[in-house]
Amino acid sequence: MNRLIVISNRVSPPMGDGPGNQGGLAVALSAALRESSGIWFGWSGEETEAFTGHINFQRSYGVTTATVDLEAQDVEEYYNGYANCTLWPLFHNRVDLAEFERGFAGGYERVNDRLAETVAPLIEESDLVWVHDYHLMLLGRNLRTRGVKNRIGFFLHIPWPPARLLESLPGHGELFDAMLDYDVIGFQSENWRESFIRYVQTHTDATIDQDGTITLGERRTRIVVCPIGIDFAEFHEAANGQTAREFYERMQRSANGRTMIVGVDRLDYSKGLPERFLGYERLLASRPDLHGQLFLLQIAPPSREQVRTYQQIRATLDSLSGRINGEFADAEWVPLRYINKGYPRDALAGIYRASRIGLITPLCDGMNLVAKEYVAAQDPDDPGVLILSQFAGAARQLTDALIVNPYSPDELAEAIDRALQMDLKERRDRWRSMMESIRNEDVRWWQACFTKALAGGQHEPLPEDRP
Ligand code: GDG
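Numbered per my numbering, the sequence shown spans residues 1098 to 1564.
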């Protein structure tokens, strides 16, 4: 077996095998790294005065992590700047929020190069190198210029934007060209793969084979779709564990017979939170008979708090939630419980289970794992209903959710009403069908799907050749 070198912006060292200890991605990558005696390399999250390239190696639970500190200017330009103020909004259809600063682009190039220079000596001849996400799109190119000839793959966790949007990015041609130095590029959904192919067709002379291999000059890059899944076994265990049960019971007591709707999202403008609140407000305005009968619990832990657009979305939601509660609440009932803090994973599992409806309505999302976690946490005898945005990558797999257009408050209100009325048989039928894909296409399947393509093996098609 080839050794695997995983490179991502941040590294999550494994924390043992207890349920609910870490996210699915960390679990899957840790398992793969353990089996292959590989290394997980990335930024430590710490700042230093001047970049030294000093690597801090750690070994825990059979996995070696290798991290480096970045200097403050790097963090500002590469991470807060280009990654989160330029690429993130642009790749989530928010060109209006994107900032195109040469300083950011320069910082991004510099950090990708520094990370490549630091990791290159760790790479041995037969290693497979797997680079993750939009922070590190140039890293493959930087490794190539340092003579690394290994198979190098890249997985994009977020959407690939339509060509017309990407054209607004200064230097998009160079960024794209650098990506063809990867041997394999993986996307979460066919939608994002199609956008990428369209860019290739409109901006390059490359040829594209039937099996999705792009050839430009000497370079050949295989394009694959590998939707990420959750760690089903771990989540199932968490959902049936002590903490989850405690939270389930606490929520039941606190709901006091009222129907609970849940949303869980990082506080991010791509997640459609204002639109979700407006849809819920529309329901409350049009259905006074529901007042006092239900409530929406929105858990939204703050993220990227240094970035101005994230401070703005937080202020928008503060005001919107205040308005909705001000308008509809009474002495005994608060329609919207809006919370800016995170919960442990196993507590979340109990909260999901206590919720009759999972309301997951991003405006644009590479995949969305919360939707899968919500379904996996349900009671098989009495499962809740998932309402899911058509613009989440997950909508291509979870076709038995109630699929909605998150921009339409009327559609959101109607979907909540339909979910409230859905009989047990329909809830069970929809839940069973969604569980099949969540169980089969879990995070280990995803990791195997990508690494097989990276190793040069046949790419595994989705079950039933689902697009
Ligand atoms: C990116 C892409 C893609 C959330 N709140 C709490 C908490 N979470 C956990 C969830 C879930 C994870 O964070 C969020 O994952 P998502 O997939 O929903 O969204 P992003 O963070 O935007 O992730 C996305 C993903 O990468 C993987 O490829 O699916 O499209 O944008 O696991 O449960 N976890 C805990 N407490 C919280 O309050 N413990």
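Backbone N, C-alpha and C define an ideal beta-carbon position, used for all residues, glycine too.
How many angstroms separate the CA atom of residue i from the CA atom of residue j?
i, j, result
"Glu1144", "Gln1408", "22 Å"
"Cys1546", "Leu1253", "14 Å"
"Glu1147", "Glu1206", "Looking at the sequence shown, residue 1147 is not Glu but Ala. C-alpha separation (whole angstroms): 17 Å."
"Ser1567", "Asn1437", "Nothing in the structure corresponds to residue 1567, since the chain is present only between 1098 and 1564."
"Thr1161", "Leu1433", "44 Å"
"Gly1338", "Phe1332", "10 Å"
"Val1226", "Thr1548", "9 Å"
"Met1532", "Ala1473", "7 Å"
"Ala1123", "Pro1111", "7 Å"
"Asp1479", "Leu1485", "19 Å"
"Phe1197", "Ile1255", "19 Å"
"Thr1149", "Thr1310", "38 Å"
"Arg1574", "Ala1352", "The structure shown does not extend to residue 1574, since the chain is modelled only from 1098 through 1564, so no value can be given for it."
"Asp1328", "Ser1127", "12 Å"
"Leu1495", "Glu1132", "30 Å"
"Ala1169", "Tyr1175", "10 Å"
"Gln1349", "Thr1413", "30 Å"
"Arg1342", "Arg1453", "16 Å"
"Asn1502", "Glu1508", "7 Å"
"Leu1167", "Tyr1345", "42 Å"
"Tyr1231", "Asp1526", "37 Å"
"Arg1355", "Phe1284", "40 Å"
"Gln1518", "Ala1129", "43 Å"
"Val1566", "Arg1373", "The shown model of the chain, from 1098 to 1564, leaves out residue 1566, and the question about it has no answer."
"Leu1187", "Glu1429", "43 Å"
"Asp1530", "Glu1271", "Per the sequence shown, the amino acid found at residue 1530 is Ser instead of Asp. Taking the straight line from one Cα to the other gives about 43 Å."
"Leu1387", "Arg1379", "12 Å"
"Ser1292", "Val1431", "43 Å"
"Asn1568", "Trp1185", "It is not possible to answer for residue 1568, since the shown part of the chain is limited to 1098 through 1564."
"Ala1275", "Asp1514", "48 Å"
"Arg1191", "Glu1264", "13 Å"
"Leu1521", "Glu1214", "57 Å"
Go ahead and pull the three-state DSSP assignment for residue i.
i, result
"Leu1394", "strand"
"Ala1489", "strand"
"Arg1434", "strand"
"Ile1294", "helix"
"Val1404", "coil"
"Leu1194", "helix"
"Asp1514", "helix"
"Ile1220", "coil"
"Pro1441", "coil"
"Asp1415", "helix"
"Arg1427", "The question names Arg, yet the displayed sequence has Asp at residue 1427. In the structure shown, Asp1427 sits in a strand (DSSP, three-state: E or B)."
"Thr1215", "helix"
"Thr1183", "helix"
"Thr1299", "helix"
Tell me whether the beta-carbon of residue i lies closer than 8 Å to the beta-carbon of residue j.
i, j, result
"Ser1100", "Ser1134", "Per the sequence shown, the amino acid found at residue 1100 is Arg instead of Ser. Yes, Cβ-Cβ distance for Arg1100 and Ser1134 is below 8 Å."
"Asp1278", "Arg1238", "yes"
"Leu1499", "Ala1510", "no"
"Ile1325", "Trp1543", "yes"
"Ala1217", "Leu1240", "yes"
"Asn1209", "Leu1194", "no"
"Val1108", "Thr1164", "yes"
"Arg1243", "Asp1280", "no"
"Ile1104", "Gly1159", "no"
"Val1059", "Arg1290", "No answer is possible for residue 1059: the residues shown for the chain start at 1098 and end at 1564."
"Val1540", "Leu1445", "no"
"Val1482", "Arg1536", "no"
"Asp1443", "Thr1340", "yes"
"Ile1410", "Leu1375", "no"
"Glu1287", "Arg1156", "no"
"Ile1152", "Ile1102", "no"
"Leu1551", "Gly1250", "yes"
Answer with yes or no whether the minimum CB distance from residue i to chain D is below 8 Å.
i, result
"Val1431", "Note that chain D does not occur in the displayed structure, where there is just one protein chain."
field: Ranges of the beta strand (DSSP E) found wholly within the region 1107-1177, counting only runs of at least 3
entry: 1136-1145, 1153-1157 and 1160-1168
message: Count Cβ pairs between the region 1393-1413 and the region 1178-1191 that sit closer than 8 Å; are there 3 or more?
response: yes
- prompt: Which whole runs of the beta strand (DSSP E) in the region 1223-1287 are 3 residues long or more, in chain order?
  reply: 1225-1229, 1248-1252 and 1281-1284
message: Is it the case that the region 1458-1466 contacts the region 1413-1420, given that we only count it when at least three CB pairs across the two stretches are under 8 Å?
response: no
- prompt: Residue ranges of each alpha helix (DSSP H) run of no fewer than 4 residues wholly in the region 1446-1487, ordered along the chain?
  reply: 1466-1473
query: Along the chain, which unbroken stretches of the beta strand (DSSP E) at least 3 residues long are found entirely within the region 1312-1390?
result: 1316-1322 and 1356-1361
query: Is there contact here, the region 1217-1224 with the region 1188-1201, by at least three beta-carbon pairs under 8 Å?
result: no
- prompt: Three or more C-beta pairs closer than 8 Å, one from the region 1488-1502 and one from the region 1385-1399: is that the case here?
  reply: no
- request: Pair every Cβ in the region 1441-1459 with every Cβ in the region 1359-1369, then say whether three or more of these pairs are closer than 8 Å.
  value: yes
task: Check whether the region 1445-1453 touches the region 1464-1472, counting contact only when three or more Cβ pairs, one atom from each stretch, lie closer than 8 Å.
output: yes
- prompt: Does the region 1289-1309 come close enough to the region 1257-1275 that 3 or more CB-CB pairs lie under 8 Å?
  reply: yes
- request: Any chance you could list the beta strand (DSSP E) runs of at least 3 consecutive residues sitting entirely within the region 1494-1548, in chain order?
  value: 1499-1501
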